[in-house]
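Enquirer:
Number of protein chains: 4
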Amino acid sequence: MKLTILIHCADSSGIISAVTGFLHKKLGNIIYLDQHVDQQTGVFFMRLECVFEKIEVLTKFKKEFEEDLAQPYKMKWSIHEAGVKPKMAIFVSKYNHCLYDLLSRYNSGELEVTIPFIISNHNDLKSIANQFNIPFHYIPVTKTTKSEAEEQQLKLLKQENIDFIVLARYMQIVSEKLISIYPNKIINIHHSFLPAFAGAKPYHAAYERGVKIIGATSHYVTEKLDAGPIIEQDVTAVSHTHHIKDFILKGRDLEKIVLSRAVKLHLQRKTMVYNNKTVIFT
Amino acid sequence: MKLTILIHCADSSGIISAVTGFLHKKLGNIIYLDQHVDQQTGVFFMRLECVFEKIEVLTKFKKEFEEDLAQPYKMKWSIHEAGVKPKMAIFVSKYNHCLYDLLSRYNSGELEVTIPFIISNHNDLKSIANQFNIPFHYIPVTKTTKSEAEEQQLKLLKQENIDFIVLARYMQIVSEKLISIYPNKIINIHHSFLPAFAGAKPYHAAYERGVKIIGATSHYVTEKLDAGPIIEQDVTAVSHTHHIKDFILKGRDLEKIVLSRAVKLHLQRKTMVYNNKTVIFT
Amino acid sequence: MKLTILIHCADSSGIISAVTGFLHKKLGNIIYLDQHVDQQTGVFFMRLECVFEKIEVLTKFKKEFEEDLAQPYKMKWSIHEAGVKPKMAIFVSKYNHCLYDLLSRYNSGELEVTIPFIISNHNDLKSIANQFNIPFHYIPVTKTTKSEAEEQQLKLLKQENIDFIVLARYMQIVSEKLISIYPNKIINIHHSFLPAFAGAKPYHAAYERGVKIIGATSHYVTEKLDAGPIIEQDVTAVSHTHHIKDFILKGRDLEKIVLSRAVKLHLQRKTMVYNNKTVIFT
Amino acid sequence: MKLTILIHCADSSGIISAVTGFLHKKLGNIIYLDQHVDQQTGVFFMRLECVFEKIEVLTKFKKEFEEDLAQPYKMKWSIHEAGVKPKMAIFVSKYNHCLYDLLSRYNSGELEVTIPFIISNHNDLKSIANQFNIPFHYIPVTKTTKSEAEEQQLKLLKQENIDFIVLARYMQIVSEKLISIYPNKIINIHHSFLPAFAGAKPYHAAYERGVKIIGATSHYVTEKLDAGPIIEQDVTAVSHTHHIKDFILKGRDLEKIVLSRAVKLHLQRKTMVYNNKTVIFT
Chain A
1 MKLTILIHCA DSSGIISAVT GFLHKKLGNI IYLDQHVDQQ TGVFFMRLEC
51 VFEKIEVLTK FKKEFEEDLA QPYKMKWSIH EAGVKPKMAI FVSKYNHCLY
101 DLLSRYNSGE LEVTIPFIIS NHNDLKSIAN QFNIPFHYIP VTKTTKSEAE
151 EQQLKLLKQE NIDFIVLARY MQIVSEKLIS IYPNKIINIH HSFLPAFAGA
201 KPYHAAYERG VKIIGATSHY VTEKLDAGPI IEQDVTAVSH THHIKDFILK
251 GRDLEKIVLS RAVKLHLQRK TMVYNNKTVI FT
Chain B
1 MKLTILIHCA DSSGIISAVT GFLHKKLGNI IYLDQHVDQQ TGVFFMRLEC
51 VFEKIEVLTK FKKEFEEDLA QPYKMKWSIH EAGVKPKMAI FVSKYNHCLY
101 DLLSRYNSGE LEVTIPFIIS NHNDLKSIAN QFNIPFHYIP VTKTTKSEAE
151 EQQLKLLKQE NIDFIVLARY MQIVSEKLIS IYPNKIINIH HSFLPAFAGA
201 KPYHAAYERG VKIIGATSHY VTEKLDAGPI IEQDVTAVSH THHIKDFILK
251 GRDLEKIVLS RAVKLHLQRK TMVYNNKTVI FT
Chain C
1 MKLTILIHCA DSSGIISAVT GFLHKKLGNI IYLDQHVDQQ TGVFFMRLEC
51 VFEKIEVLTK FKKEFEEDLA QPYKMKWSIH EAGVKPKMAI FVSKYNHCLY
101 DLLSRYNSGE LEVTIPFIIS NHNDLKSIAN QFNIPFHYIP VTKTTKSEAE
151 EQQLKLLKQE NIDFIVLARY MQIVSEKLIS IYPNKIINIH HSFLPAFAGA
201 KPYHAAYERG VKIIGATSHY VTEKLDAGPI IEQDVTAVSH THHIKDFILK
251 GRDLEKIVLS RAVKLHLQRK TMVYNNKTVI FT
Chain D
1 MKLTILIHCA DSSGIISAVT GFLHKKLGNI IYLDQHVDQQ TGVFFMRLEC
51 VFEKIEVLTK FKKEFEEDLA QPYKMKWSIH EAGVKPKMAI FVSKYNHCLY
101 DLLSRYNSGE LEVTIPFIIS NHNDLKSIAN QFNIPFHYIP VTKTTKSEAE
151 EQQLKLLKQE NIDFIVLARY MQIVSEKLIS IYPNKIINIH HSFLPAFAGA
201 KPYHAAYERG VKIIGATSHY VTEKLDAGPI IEQDVTAVSH THHIKDFILK
251 GRDLEKIVLS RAVKLHLQRK TMVYNNKTVI FT
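Pasting the structure below:
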């Protein structure tokens with residue numbers, strides 16, 4: 001049995017010793033440990049992977065963890081058993097490059113996840129969903145139908161017990177309600193090097209400004225547009241020879257790679273969110 | 001004799017043919033030609049390097065160039081003879097990394113330039129100027145002495161016929177007057193990936209936002225703060241393990257390299273400015 | 001009518017003037033011109049894109065180009081009419097990431113090409129070919145059947161008038177015969193930063209050596225293994241925390257992007273080969 | 001009192017718990033912990049930074065560490081007290097860019113080190129040493145004087161109790177004797193992306209091969225030329241427009257940055273060597 005354990009709490013002396021001592025007592029062999037202290041706020045973060053010689057009853061293990069560690073140190077924690085695949089919903093609109101990238105990785109076994117469905121406000125990408133045998137729900141969104149559309153989305157998400165959502169160039173702003181149900185569990189890709197060029201048409205804005213490098217940013221969605229905790233960013237060089245359409249083409253390659261990296265980090269439980277920032281364990 | 005020729009004008013058919021024909025007639029061998037058309041504005045840009053078998057009288061050459069090419073095509077142009085070193089003034093405050101980088105390149109013969117003096121609003125870097133035997137003028141700037149200080153600067157710049165100015169982490173905003181005398185001839189280094197984090201304390205702002213990449217930007221100074229035409233940008237990865245002081249240290253390496261690249265591009269006449277953007281020939 | 005013209009010949013004075021003069025006389029408007037002189041060998045390279053007001057008869061145009069320019073300057077040249085899609089064959093084995101990347105770009109209209117078929121020495125990727133409705137030919141290769149297999153390949157290539165071949169992680173060495181029929185027209189992706197780690201198992205070798213950066217290289221195939229003219233390379237950082245399987249996963253993202261970039265450069269006639277090196281126009 | 005502790009030993013269950021328990025008992029607060037297990041060889045590596053409330057007698061601390069931890073787990077370990085500056089000797093020949101970069105960082109207080117002297121087989125850089133007030137020893141090396149020269153070097157190194165040596169583009173091969181006295185304590189910068197282009201004239205070789213990216217590599221010197229454990233690498237893009245002299249100029253910026261990064265990692269005790277590879281803690 002292998003567990004991944006995430007912890008954060010106020011920093012104090014002896015936490016690492018207490019946690020590693022507890023796991024040693026449980027006959028666990030720590031195969032990964034990384035920790036971080038945010039000096040500004042005095043918050044301690046830790047991620048462990050631990051292999052146990054014999055199978056523990058997980059509920060009992062969690063109860064003892066809570067009593068022996070979490071309560072004394074006032075920890076927030078989560079424990080994830082290896083091999084349990086999270087359920088991921090994908091939201092798309094008309095651009096296909098991120099969807100193709102995610103689905104081809106999924107098909108290759110690179111993403112340890114199940115994909116119960118794809119939701120889109122357009123019908124354009126239905127054929128790709130069909131190609132990969134993933135159910136596709138066309139839920140159009142207009143000004144007047146926005147709340148109904150969301151109800152439909154929420155119903156589907158609940159029905160399939162979706163764990164997290166990937167906005168793979170979904171061109172709609174998701175509602176506060178959805179965000180509150182999936183806090184730090186909605187992953188977006190924005191086609192700029194945030195915080196530069198937040199909002200609509202970032203490639204146009206980058207072209208206007210005459211930048212020499214463009215970027216893409218994957219972040220958790222919060223109520224403030226394009227301002228959530230950043231998971232991953234990457235950039236590529238451009239020059240005066242590139243027009244907006246070249247920015248868009250070059251950007252596509254960034255977007256798909258950056259989004260897929262962020263999804264993998266999330267899946268591997270390597271992300272922790274605090275104070276609108278992320279700790280990304282490597 | 002080797003000339004570098006820069007041209008821009010409204011795009012029209014036959015310009016390249018006319019220019020290259022003119023140079024061929026003058027027994028010039030074109031060793032470099034690059035051109036660019038800005039599709040949005042229909043402006044044509046060209047940079048040529050041309051070697052001439054026999055020495056032309058430059059004033060005569062320029063006169064014919066004006067009559068045969070510039071007037072018919074309504075060109076703006078400049079012609080630069082190889083081997084003539086421009087005069088560069090350096091403005092600094094307290095940070096030494098950009099100054100060291102520029103002066104060590106200068107000492108190695110990497111920059112084809114003369115440096116008549118360094119101006120600073122602090123005395124801290126005087127010893128470095130001494131190390132490299134460059135005159136150092138300490139001109140303090142306070143709210144009340146700002147205009148006097150500038151007059152002193154202008155006097156020195158005029159006295160030495162300075163061609164262009166490098167702000168090597170000069171922590172003062174230069175005046176509109178100075179900018180108007182040196183249009184597209186004042187090169188600044190800003191310690192962020194512009195347009196993100198313009199203004200003061202960009203590393204603090206980047207840390208607050210939780211970005212995963214930081215950058216530096218070299219640009220020509222215009223009246224609008226940190227909004228001039230970008231010459232060069234570069235970035236480096238950061239993570240949650242880096243504090244603001246690490247951003248500053250990592251940033252230093254970016255700043256000095258990016259600024260030196262920009263200075264070299266300017267010296268080699270590889271930059272053209274149009275519409276608050278640059279064409280950078282390679 | 002839009003033509004792309006590629007030229008190379010011994011460098012001499014007046015070539016650019018002659019070519020641009022010829023095109024101007026033909027009422028062509030040059031919208032792109034880039035040239036390069038290899039100083040070591042004295043060879044001149046030029047790439048032009050030219051739009052013509054009225055449709056030229058291409059055979060007549062080429063005849064005059066040959067007589068007026070190519071013969072006097074002893075040029076090697078090719079002229080390509082815009083809108084004519086080349087025919088590209090893809091060879092694969094078992095890895096699907098490059099194939100997925102190429103086909104999803106093809107489906108999105110990003111690659112101006114037709115793909116008459118995919119050839120593979122394994123049956124594993126047949127379903128992907130089916131997904132995208134591309135004919136798939138399974139031609140197994142064993143020591144004893146190698147030459148027969150190649151005859152089958154050649155027959156298919158001839159039958160469909162294939163213009164160029166992409167080896168999208170095809171794990172067989174192609175024969176001298178095939179290379180001689182498609183000189184500088186077979187594009188391979190090698191999963192290392194060549195010339196480091198040529199040959200088999202480059203990620204294993206990179207891991208053994210303890211490098212901090214891994215790469216991928218796309219090149220034209222020549223008789224010497226992994227030693228052909230390099231079209232495109234890219235790299236990504238690795239650390240001691242990455243095992244060989246991580247190198248392979250990270251490498252996949254490099255491979256697919258680098259190969260697709262190389263294919264696009266080839267399609268856009270931006271590559272010229274000389275002396276086992278490439279000139280890549282931008 | 002702050003200590004940095006480096007440990008490596010055969011991996012076994014309970015090590016982390018034992019070490020962190022020991023430090024907790026000593027009233028130490030762990031402010032940094034990173035560990036790594038080499039899966040191939042089963043070797044465990046750990047780096048800790050620990051702050052102690054009251055000053056420990058270091059000899060007593062080390063004795064107990066040895067008895068309680070090192071002996072039971074058969075650890076190799078080292079303990080370094082913060083604030084103790086190591087002594088670094090710099091060896092140079094004629095190139096000044098790495099020397100300038102190191103000395104300007106040293107002067108800025110960026111490197112926590114003392115530099116008792118610079119050794120060179122040429123007199124060219126003496127003036128730079130003078131600029132920075134560092135003693136400069138000119139020790140010429142010829143085929144016939146090589147062993148004498150080395151004796152002189154060794155005498156100086158011993159005299160000043162030098163801790164480690166930086167070869168800042170020192171164009172001589174150092175002897176096995178010197179290497180054996182300073183195992184994993186001689187840092188070299190090689191001007192290529194190793195293992196590509198080991199040995200002499202790597203930029204010439206890179207140009208010949210037509211690579212699209214060049215690199216620099218900093219590594220610990222071992223008896224096998226350019227084959228020691230790699231500490232840091234970086235790369236930059238090149239194209240057909242760059243001649244060998246451009247490779248050299250662009251390479252300089254890589255070399256100085258990569259070497260300085262490696263020196264800083266070494267100084268911060270963030271490097272561990274095993275099996276001719278490095279573990280680099282971040």
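Chains as they are written, first to last, in UniProt numbering: chain A, 1 to 282; chain B, 1 to 282; chain C, 1 to 282; chain D, 1 to 282. Don't be surprised by glycine CBs; every beta carbon is placed ideally from N, CA and C.
1. Would you decide whether Leu58(D) is buried or exposed? Buried here means 16 or more other CB atoms lie within 10 Å of its CB.
2. If the criterion is Cβ atoms closer than 8 Å, does the pair Ser192(C) and Pro202(C) meet it?
3. Using a Cβ-Cβ cut-off of 8 Å, state whether Gln268(D) counts as contacting chain B.
4. If we ignore side chains and look at the alpha-carbon of each, how far apart do Ile187(B) and Ile165(B) end up?
5. Could you pull the DSSP bridge partners for Ser218(B) from this structure?
6. Quick one: Cα of Asn275(B) to Cα of Gln233(B), how far?
7. Starting from Arg209(B) and walking both ways along the alpha helix (DSSP H), at which residues does that stretch end?
8. In chain order, what residues of the same chain have a beta carbon less than 7 Å from the beta carbon of Ala205(D), not counting five sequence neighbours either side?
9. Just reading off the beta strand (DSSP E) that Arg252(D) is part of, what are its end residues?
10. Kindly indicate if chain A contains any beta-carbon less than 8 Å away from that of Ser93(C).
11. Hey, which unbroken runs of the alpha helix (DSSP H) at 4 residues or more fall wholly within the region 69-139 of chain A?
12. Please confirm whether Leu3(A) and Val113(A) have their CB atoms less than 8 Å apart.
13. Could you name the residues of the region 1-33 of chain D whose beta carbon sits closer than 9 Å to any beta carbon of chain A, in the order they occur along the chain?
14. Is the beta carbon of Tyr73(A) closer than 8 Å to that of Ile30(A)?
15. Answer yes or no: does any C-beta atom of chain D fall closer than 8 Å to that of Gln35(A)?
16. Please report the distance separating the alpha-carbon of Arg252(B) from that of Arg261(D).
17. Are there 16 or more other CB atoms within 10 angstroms of the CB of Glu66(D), so buried, or fewer, so exposed?
18. What first and last residue would you give for the beta strand (DSSP E) that runs through Phe45(A)?
19. I need the DSSP call for Lys24(B), collapsed to helix, strand or coil.
20. Starting from Ile162(A), trace the alpha helix (DSSP H) in both directions and tell me its first and last residue.
21. Between the region 235-252 of chain A and chain B, which residues of the former have CB atoms less than 8 Å from a CB of the latter, in chain order?
22. Determine the extent of the beta strand (DSSP E) in which Leu178(B) is found, giving its start and end residues.
23. Count the other CB atoms within 10 Å of the CB of Glu81(D); is the residue buried (16 or more) or exposed (fewer)?
24. Just mark residue 331(C) as buried or exposed, buried being the case when its beta carbon has 16 or more other beta carbons within 10 Å.
25. So, is the C-beta of Pro195(D) closer than 8 Å to a C-beta in chain C?
26. Using only the alpha-carbon positions, how far apart do Ile134(C) and Glu223(C) sit?
27. Of all the CB atoms in chain C, is at least one closer than 8 Å to the CB of Ser104(A)?
28. Whole angstroms is fine: what's the gap from Asn161(D)'s alpha carbon to Lys264(D)'s?
29. Considering only the alpha carbon of each residue, which of Ile230(C), Glu255(C), Ser180(C) lies closest to His240(D)?
30. If contact is defined by three or more beta carbon pairs under 8 Å, each pair taking one atom from either stretch, is the region 84-102 of chain D in contact with the region 120-128 of chain D?
31. Is the beta carbon of residue 311(A) sitting closer than 8 Å to the one on Val238(A)?
32. Where do the N-terminal and C-terminal ends of the alpha helix (DSSP H) with Lys62(C) fall, by residue?
33. Short check: CB of His36(C) to CB of Phe45(C), under 8 Å?
34. Measure the C-alpha to C-alpha separation of Glu208(D) and Ile189(D) and round it to an integer number of angstroms.
35. Tell me whether Ile15(D) sits in a helix, a strand or coil according to DSSP, three-state version.
36. Where does Leu225(C) fall in DSSP's three states?
Expert: Straight from the coordinates:
1. Position 58 of the fourth sequence holds residue 58(D). Leu58(D) comes out exposed.
2. To locate residue 192(C), count along the third sequence from 1; it is residue 192. To locate residue 202(C), count along the third sequence from 1; it is residue 202. At the C-beta level, Ser192(C) and Pro202(C) come within 8 Å of one another.
3. Working through the fourth sequence from its first residue, we reach residue 268(D) at position 268. With 8 Å as the cut-off, Gln268(D) does not count as an interface residue toward chain B.
4. In the second sequence, the residue the question calls residue 187(B) occupies position 187. In the second sequence, the residue the question calls residue 165(B) occupies position 165. Spanning the two alpha carbons is a distance of roughly 6 Å.
5. Within the second sequence, residue 218(B) is the residue found at index 218, counting from 1. Beta-bridge annotation (DSSP): Ser218(B) is paired with Ile189(B), Glu232(B).
6. Along the second sequence, read from residue 1 onward, the residue named residue 275(B) stands at position 275. Along the second sequence, read from residue 1 onward, the residue named residue 233(B) stands at position 233. Their backbone Cα atoms lie some 19 Å apart in a straight line.
7. If you number the second sequence from 1, residue 209(B) lands on position 209. Unbroken alpha helix (DSSP H) run through Arg209(B): 202-209.
8. In the fourth sequence, residue 205(D) corresponds to position 205, counting from 1. Cβ within range, chain order: Phe197.
9. For the purposes of this step, residue 252(D) is identified with residue 252 of the fourth sequence, where counting begins at 1. Not the beta strand (DSSP E): Arg252(D) falls in the alpha helix (DSSP H), residues 244-267.
10. Residue numbering aside, residue 93(C) sits at position 93 when the third sequence is read from its first letter. Contact of Ser93(C) with chain A is not assigned, every C-beta pair being separated by 8 Å or more.
11. Entirely contained in the region 69-139 of chain A, the alpha helix (DSSP H) runs reaching 4 residues are, in chain order, 97-107, 126-131.
12. Counting from 1 along the first sequence, the entry for residue 3(A) is found at position 3. Counting from 1 along the first sequence, the entry for residue 113(A) is found at position 113. At least 8 Å separates the beta-carbon of Leu3(A) from that of Val113(A).
13. Those residues of the region 1-33 of chain D that come within reach of chain A (Cβ to Cβ, closer than 9 Å) are Asp11, Ser12, Ser13, Gly14, Ile15, Ile16, Ser17, Ala18, Val19, Thr20, Gly21, Phe22, Leu23, His24, Lys25, Leu27, Gly28, Asn29, Ile30, Ile31, Tyr32, Leu33.
14. Position 30 of the first sequence, counting from 1, holds the residue named residue 30(A). Position 73 of the first sequence, counting from 1, holds the residue named residue 73(A). The Cβ atoms of Ile30(A) and Tyr73(A) lie no closer than 8 Å to each other.
15. Position 35 of the first sequence holds residue 35(A). Yes, contact with chain D.
16. In the second sequence, the residue the question calls residue 252(B) occupies position 252. In the fourth sequence, the residue the question calls residue 261(D) occupies position 261. So the two alpha carbons sit approximately 12 Å from each other.
17. For the purposes of this step, residue 66(D) is taken as residue 66 along the fourth sequence, with counting starting at 1. Exposed, since its Cβ has fewer than 16 Cβ neighbours within 10 Å.
18. Translated into the one-based positions of the first sequence, residue 45(A) becomes position 45. From DSSP, the beta strand (DSSP E) with Phe45(A) extends over 43-52.
19. Start at 1 with the first residue of the second sequence, and residue 24(B) comes out as number 24. Residue identity differs from the one stated: residue 24(B) is His in this sequence, not Lys. It is helical.
20. For the purposes of this step, residue 162(A) is identified with residue 162 of the first sequence, where counting begins at 1. Boundaries for Ile162(A): no alpha helix (DSSP H) harbours it, and the DSSP string shows neither H nor E there.
21. Here the close residues are Val235, Ser239, His240, Thr241, His243.
22. Reading the second sequence from its first residue, position 178 is the one you call residue 178(B). Per DSSP, Leu178(B) belongs to no beta strand (DSSP E); it is in the alpha helix (DSSP H), 176-181.
23. Taking the fourth sequence and counting its residues from 1, one reaches residue 81(D) at position 81. Answer is exposed; the Cβ neighbour count stays below 16.
24. Chain C is shown only over 1 to 282; residue 331(C) falls outside these bounds and no answer can be derived.
25. The count along the fourth sequence starts at 1 and reaches residue 195(D) at position 195. So yes, Pro195(D) belongs to the interface.
26. Start at 1 with the first residue of the third sequence, and residue 134(C) comes out as number 134. Start at 1 with the first residue of the third sequence, and residue 223(C) comes out as number 223. Rounded to the nearest angstrom, the two C-alpha atoms are 29 Å apart.
27. Counting from one through the first sequence, the residue named residue 104(A) turns up at place 104. The beta-carbon of Ser104(A) is placed less than 8 Å from the nearest beta-carbon of chain C.
28. On the fourth sequence, position 161 is the one that residue 161(D) refers to. On the fourth sequence, position 264 is the one that residue 264(D) refers to. Going from the Cα of Asn161(D) to the Cα of Lys264(D) covers about 20 Å.
29. Against the fourth sequence, residue 240(D) aligns to sequence position 240. It is Ile230(C) whose Cα lies nearest to the Cα of His240(D).
30. Because the criterion of three Cβ pairs below 8 Å is met, the region 120-128 of chain D and the region 84-102 of chain D touch.
31. Nothing can be reported for residue 311(A): it is not among the residues displayed for chain A, which extend from 1 to 282.
32. Position 62 of the third sequence holds residue 62(C). Per DSSP, Lys62(C) belongs to the alpha helix (DSSP H) from 58-65.
33. As a first step, residue 36(C) is located in the third sequence; it is residue number 36 there, counting from the start. As a first step, residue 45(C) is located in the third sequence; it is residue number 45 there, counting from the start. Yes, they are a contact pair.
34. Residue mapping note: residue 208(D) aligns to position 208 of the fourth sequence, counting from 1. Residue mapping note: residue 189(D) aligns to position 189 of the fourth sequence, counting from 1. Taking the straight line from one Cα to the other gives about 22 Å.
35. If you number the fourth sequence from 1, residue 15(D) lands on position 15. Three-state DSSP puts Ile15(D) in a helix.
36. Here residue 225(C) refers to the residue found at position 225 when the third sequence is read from its first residue. Secondary structure of Leu225(C) (DSSP, three-state): coil.
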